[in-house]
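Visitor: Would you mind keeping the following structure in view while I ask a few things?
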Amino acid sequence: MTTIEAAEPVIQLKNLSKTYGDFTAVDRLNLNIYPGEIYGLLGPNGAGKTTTILMMLGLTEPASGEALVCGLDATRNPMQVKRKVGYMPDDVGFYEDRSALDNLVYTARLNRIPEAEARSRALLLLERVGLAEVAHKRTGTFSRGMRQRLGLADVLIKNPQVIILDEPTLGIDPEGVRELLALIRDLSRNEGITVLLSSHHLHQVQQICDRVGLFVQGRLIASGDIDTLSRQLDGAPAYRIELDVLPWNESLETALRGVDGVTDVQLTPGGGLSDSNSPNAELATVVVSGTEDTTAGLTKAVIDAGASLFGVRPLRYGLDDIYHRYFEGGESRERLG
């Protein structure tokens with residue numbers, strides 16, 4: 001159990017389901033999200049992410065199960081939940097003919113914040129999201145990236161405990177994405193705000209999320225940090241180690257395969273020549289898979305074989321590898337789906 005998970009969950013989804021006629025949009029979802037963490041809900045469009053968010057906000061009722069947010073049942077107490085949660089949809093709406101400052105003050109007043117406090121808080125948030133210089137400009141002139149940053153300020157105006165961001169980077173240029181993700185990360189770290197981020201952009205999720213949930217066809221098929229998800233992959237080796245060796249030949253390959261715990265040895269494409277006596281022999285890069293950490297045994301095997309070892313690197317599965325194994329019809333998806 002991590003330090004985060006030792007705390008009481010701020011969001012608890014218990015056997016949460018939602019159906020529309022014969023169609024199941026969300027299927028028996030169980031999920032805990034803890035105070036101060038950034039949790040990424042990752043899945044293709046139509047996976048049920050937005051429906052899940054709407055149930056968490058009390059905006060649509062589940063067919064069964066319950067959503068507890070900040071200790072409140074979202075179905076029975078939607079207004080109390082909304083006071084504690086800031087929600088930014090994928091397309092934030094503002095009054096186009098009013099300034100950024102006016103829009104924020106309006107939101108603050110709707111949340112019963114006194115006018116003087118609303119204005120000072122709005123100005124502070126505009127500074128925080130990098131929009132202070134355009135505070136008095138009409139939002140109708142804003143780019144998509146500027147609108148999303150204003151949207152972030154808008155959900156923060158009531159000092160929420162939790163913010164839920166539905167596809168926050170959709171339609172933003174790469175630099176705008178980088179800036180927005182940095183803002184989200186800083187808010188979570190510095191303010192202790194819990195963030196639920198829904199997205200289908202896996203690289204963006206990997207950049208800032210503490211944990212990730214893989215969502216497909218209404219089901220959460222895996223949840224955890226990258227290392228945990230790697231270990232859950234069906235049929236994937238638990239450990240992969242990359243070696244740079246010289247020379248590469250059949251006897252060295254045999255020696256590596258003989259190390260306890262090794263399950264496979266693969267020469268990377270173009271990774272070297274098989275003739276150890278060739279004057280043009282190249283450095284070979286080899287990936288060794290195994291059921292345990294075999295670094296010590298591999299190092300000894302290379303030296304005992306009379307070869308030279310130039311590099312040893314543990315390889316981690318990235319979210320890209322994990323995503324494709326689950327979503328592109330791999331064995332894990334068949335087993336878990």
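Heads up, the sequence shown is in full-length UniProt numbering, so the first residue is 1 and it goes up one at a time.
In this text, a Cβ means the ideal position worked out from N, Cα and C, and glycines have one as well.
1. Assign Arg76 to buried or exposed, taking buried as 16 or more other Cβ atoms, counted over all protein chains shown, within 10 Å of its Cβ.
2. Taking just the CA atoms, how far does Phe23 sit from Pro62?
3. For Ile303 and Ala296, I'd like the C-alpha separation in whole angstroms.
4. If the criterion is Cβ atoms closer than 8 Å, does the pair Leu57 and Lys18 meet it?
5. With a threshold of 16 other CB atoms inside 10 Å of the CB of Asp154, please say whether the residue is buried or exposed.
6. In the stretch 75 to 115, which residue ranges form an unbroken alpha helix (DSSP H) of at least 4 residues, counting only runs that do not cross its ends?
7. DSSP three-state call for Asn190: helix, strand or coil?
8. How big is the Cα-Cα spacing for Lys84 and Gly21?
9. Under the assumption that Gly213 contacts Leu41 (Cβ atoms under 8 Å), give the Cβ distance between them as a whole number of angstroms.
10. With DSSP as the reference, label Glu179 as helix, strand or coil.
11. Quick one: grab the DSSP three-state call for Pro247.
12. Rank Thr263, Leu124, Tyr95 by C-alpha distance to the C-alpha of Thr139 and give the top, closest one.
13. I'd like to know whether the C-beta atoms of Leu181 and Gln204 end up nearer to each other than 8 Å.
14. Which of the three DSSP states is assigned to Asp320 in this structure?
15. Quick one: give me the first and last residue of the beta strand (DSSP E) that Gly311 is part of.
16. How close, in whole Å, do the beta carbons of Leu309 and Glu242 come, if the pair is a contact with beta carbons under 8 Å?
17. For Pro78, which residues from the same chain have a beta carbon less than 8 Å from its beta carbon, with the 5 sequence-adjacent residues on both sides left out?
18. State the Cα-Cα distance for the pair Gly86 and Glu191, rounded to the nearest angstrom.
19. Going by other Cβ atoms of all chains shown within 10 Å of its Cβ, with 16 needed for buried, is Gln266 buried or exposed?
20. Rounded to whole angstroms, what's the CA-CA distance from Lys158 to Glu127? Just pull it up for me.
21. Would you mind stating whether Leu165 and Leu125 have Cβ atoms separated by less than 8 Å?
22. Could you name the residues of the same chain whose beta carbon sits closer than 6 Å to that of Asp244, not counting the 5 residues immediately before and after it, in chain order?
23. Pick out the complete alpha helix (DSSP H) segments inside the stretch 114 to 164, 4 residues or longer, and give them in chain order.
24. In terms of residues, what are the limits of the beta strand (DSSP E) holding Leu42?
25. Looking at the structure shown, is residue 338 part of a helix, part of a strand, or coil, going by DSSP?
26. Just to confirm before moving on: does the CB-CB distance between Ala47 and Gln161 stay below 8 Å?
27. When burial is assigned at 16 or more other CB atoms within 10 Å of the CB, is Glu133 buried or exposed?
28. With Ile11 as the anchor, note down where its beta strand (DSSP E) starts and where it stops.
29. Give me the Cα-Cα distance between Asp293 and Leu252, rounded to the nearest whole angstrom.
Guide: Considering the structure as presented:
1. The residue you call residue 76 lines up with position 76 of the sequence shown. Arg76 is exposed by the Cβ-count criterion.
2. The residue you call residue 62 lines up with position 62 of the sequence shown. The residue you call residue 23 lines up with position 23 of the sequence shown. Near 13 Å, if we compare the C-alpha coordinates of Phe23 and Pro62.
3. Along the sequence shown, one-based indexing puts residue 303 at 303. Along the sequence shown, one-based indexing puts residue 296 at 296. Their backbone Cα atoms lie some 11 Å apart in a straight line.
4. Stepping through the sequence shown from its first residue, residue 57 is reached at position 57. Stepping through the sequence shown from its first residue, residue 18 is reached at position 18. It is not a contact, given that the beta carbons lie outside the stated cut-off.
5. Within the sequence shown, residue 154 is the residue found at index 154, counting from 1. By the 10 Å Cβ count, Asp154 comes out buried.
6. 78 to 84, 100 to 110
7. Counting from 1 along the sequence shown, the entry for residue 190 is found at position 190. Three-state result, Asn190: helix.
8. For the purposes of this step, residue 84 is identified with residue 84 of the sequence shown, where counting begins at 1. For the purposes of this step, residue 21 is identified with residue 21 of the sequence shown, where counting begins at 1. Distance between the alpha carbons of Lys84 and Gly21: 32 Å.
9. Position 213 of the sequence shown, counted from the start, is the residue given in the question as residue 213. Position 41 of the sequence shown, counted from the start, is the residue given in the question as residue 41. With a Cβ gap of about 5 Å, Gly213 and Leu41 count as contacting.
10. To locate residue 179, count along the sequence shown from 1; it is residue 179. Looking at Glu179 - three-state DSSP - the assignment turns out to be helix.
11. Walking along the sequence shown from the start, residue 247 turns up at place 247. Note: Pro247 maps to coil in three-state DSSP.
12. To locate residue 139, count along the sequence shown from 1; it is residue 139. Here the closest residue by C-alpha is Tyr95.
13. Numbered from 1 along the sequence shown, position 181 holds the residue referred to as residue 181. Numbered from 1 along the sequence shown, position 204 holds the residue referred to as residue 204. Yes.
14. Within the sequence shown, numbered from 1, the residue matching residue 320 stands at position 320. In this structure, Asp320 counts as helix in the three-state DSSP scheme.
15. By one-based count along the sequence shown, residue 311 stands at place 311. 308 to 315 is the extent of the beta strand (DSSP E) around Gly311.
16. Position 309 of the sequence shown holds residue 309. Position 242 of the sequence shown holds residue 242. Incorrect: roughly 12 Å between the Cβ atoms, too far for contact.
17. Taking the first residue of the sequence shown as position 1, residue 78 is located at position 78. These residues qualify, in order along the chain: Leu57, Gly58, Leu59.
18. Taking the first residue of the sequence shown as position 1, residue 86 is located at position 86. Taking the first residue of the sequence shown as position 1, residue 191 is located at position 191. Cα-Cα distance, rounded: 14 Å.
19. On the sequence shown, position 266 is the one that residue 266 refers to. Exposed is the call here.
20. As a first step, residue 158 is located in the sequence shown; it is residue number 158 there, counting from the start. As a first step, residue 127 is located in the sequence shown; it is residue number 127 there, counting from the start. Near 16 Å, if we compare the C-alpha coordinates of Glu127 and Lys158.
21. Residue 165 sits at position 165 when you count from the first residue of the sequence shown. Residue 125 sits at position 125 when you count from the first residue of the sequence shown. Contact: no.
22. Position 244 of the sequence shown, counted from the start, is the residue given in the question as residue 244. Cβ within range, chain order: Leu283, Thr285, Phe310, Gly311.
23. 115 to 128, 144 to 156
24. The residue you call residue 42 lines up with position 42 of the sequence shown. Here the beta strand (DSSP E) through Leu42 covers 38 to 42.
25. No statement about residue 338 is possible, as the shown extent of the chain runs from 1 to 337 and does not include it.
26. For the purposes of this step, residue 47 is taken as the residue at position 47 of the sequence shown. For the purposes of this step, residue 161 is taken as the residue at position 161 of the sequence shown. Their beta carbons are not under 8 Å apart, which means Ala47 does not touch Gln161 by this criterion.
27. For the purposes of this step, residue 133 is taken as residue 133 along the sequence shown, with counting starting at 1. The residue in question, Glu133, is exposed, as its Cβ has fewer than 16 Cβ neighbours within 10 Å.
28. Sequence index remark: in the sequence shown, residue 11 carries index 11 (1-based). Residues 11 to 20.
29. Looking up residue 293 in the sequence shown gives position 293. Looking up residue 252 in the sequence shown gives position 252. C-alpha separation (whole angstroms): 19 Å.
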